[in-house]
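**Student:** Numbering (our numbering), first residue to last: 20 to 151.
Laid out in structure tokens, this is it:
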């Protein structure tokens, strides 16, 4: 006998279905994204939350959380939320510029960029260059 309230049915548009299928088939990238896509596709297919959780080896509450979040926010809801913590000190543009510089140029006095020379050229700390 089932308990609790019935799950809200999820209906996918063609674009959402294609995007979720793409995410579920990714071999590279975050595993969480693939699992979330599989959860939503299974929910849209009418599979119960319990069977989805058992098949994917996750908790029923996880299935419920992503079902509700997708129902409210659609595809945007399947991405991670920003988390609390220290704000980033290096902007995405700076990271992209540094990576492009490393890939498309070389220093005048060397055959390749070292972390120290890249740090001096970009003004980004040595530790940050190493992390990037």
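Cβ atoms here follow ideal geometry from the backbone N, Cα and C, with glycine treated the same way.
These figures come from a predicted structure and were not determined experimentally.
#1: Hey, residue 43 and residue 31: beta-carbon distance below 8 Å or not?
#2: Should residue 58 and residue 82 be called a contact, given that it needs their Cβ atoms to be closer than 8 Å?
#3: Note down the Cα distance separating residue 124 from residue 139, rounded to an integer number of angstroms.
#4: So residue 122 and residue 135 are supposed to be a Cβ contact under 8 Å. How far apart are they, rounded?
#5: How would you label residue 68, buried or exposed, when you count the other beta carbons within 10 angstroms and need 16 or more for buried?
#6: Keeping to the same chain, check which residues put their C-beta closer than 6 Å to that of residue 39; ignore five residues upstream and five downstream.
#7: Go to residue 75, then tell me how far its alpha helix (DSSP H) extends in each direction, as first and last residue.
#8: Take residue 63 and list the residues in its own chain whose beta-carbon comes closer than 6 Å to its own, dropping the five residues that flank it on each side.
#9: When the Cα atoms are used, what is the spatial distance from residue 95 to residue 37?
#10: Report the option in 120, 46, 113 and 130 whose CA atom is closest to the CA atom of residue 147.
**Tutor:** On the basis of the supplied data:
#1: no
#2: yes
#3: 15 Å
#4: With a Cβ gap of about 18 Å, residue 122 and residue 135 do not count as contacting.
#5: buried
#6: 56, 59 and 60
#7: 68-75
#8: 29 and 31
#9: 15 Å
#10: 113
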